[in-house]
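Undergrad: Numbering (the UniProt record's numbering), first residue to last: 1 to 217. Pasting a structure below so you can have a look.
What follows is the structure, given as structure tokens:
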């Protein structure tokens, strides 16, 4: 009984640790107050422009700001007892305010950038249970240099030996459905097992980083 209780308690605590720094923030929302914000424990660092090949962190020069004026980043993520949580960040690297309202449109890709056949859930309740930061979408306006964050969650359970486990290498992420996507390569493994699904939370404001706006042309 004690071991079972400890396991159930460890999973939500691990998620809270990954999303440390969640707090109401008074920037970028329609009513001036942001609910709990999923913020990674370390800055996300994987980026690419829409026309560029996916690349990992550590490149000597940051990529140019994409035409839409925002850049997608993917964090390293965290894992606990088969649970996976990864933070996606949207950075306004342009010179004008950028509004987003809803869930990021995410596809998982294999090493050849072919789309994996996975169901995408909106809201992470079915994967993580109830989380205070997993709130309904609200308009978020990002001024130059500001960021928004969303969480990607899944379980890597593999219990269907009739087919190989689904493993991804890249994520194709659009700020919302219908906008220009960008392809990023997370540092974390995208090991979806045989579950056939992952979940995303809605965009929430996140603390700004020292990202400089693009130089006006």
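Glycine residues also receive a C-beta, built at the ideal position from the N, C-alpha and C atoms.
Hey, would you say residue 85 sits closer than 8 Å to residue 77, going by beta carbons?
TA: In contact: residue 85 and residue 77 (Cβ atoms closer than 8 Å).
Undergrad: From the DSSP output, which residues share a beta bridge with residue 237?
TA: Beyond the ends of the chain as shown, which are 1 and 217, falls residue 237; an answer cannot be given.
Undergrad: Take residue 157 and list the residues in its own chain whose beta-carbon comes closer than 8 Å to its own, dropping the five residues that flank it on each side.
TA: Cβ within range, chain order: 82, 193, 194, 195.
Undergrad: Assuming residue 199 contacts residue 153 (C-beta within less than 8 Å), just tell me the rounded distance between them.
TA: Their Cβ separation, rounded to whole angstroms, is 5 Å, which keeps residue 199 and residue 153 in contact under 8 Å.
Undergrad: Under the assumption that residue 170 contacts residue 161 (Cβ atoms under 8 Å), give the Cβ distance between them as a whole number of angstroms.
TA: Not confirmed; about 26 Å, so no contact.
Undergrad: Quick check: the stretch 104-118 against the stretch 128-138, are at least 3 beta-carbon pairs closer than 8 Å?
TA: Contact fails: fewer than three Cβ-Cβ distances are below 8 Å.
Undergrad: By the 10 Å Cβ neighbour count, where 16 or more other Cβ atoms means buried, how is residue 149 classified, buried or exposed?
TA: Its Cβ being crowded by 16 or more others within 10 Å, residue 149 is buried.
Undergrad: Ignoring anything shorter than 4 residues, give me the alpha helix (DSSP H) runs that lie fully in the UniProt domain "DUF4232" (65-204), in order along the chain.
TA: 125-128, all fully within the UniProt domain "DUF4232" (65-204).
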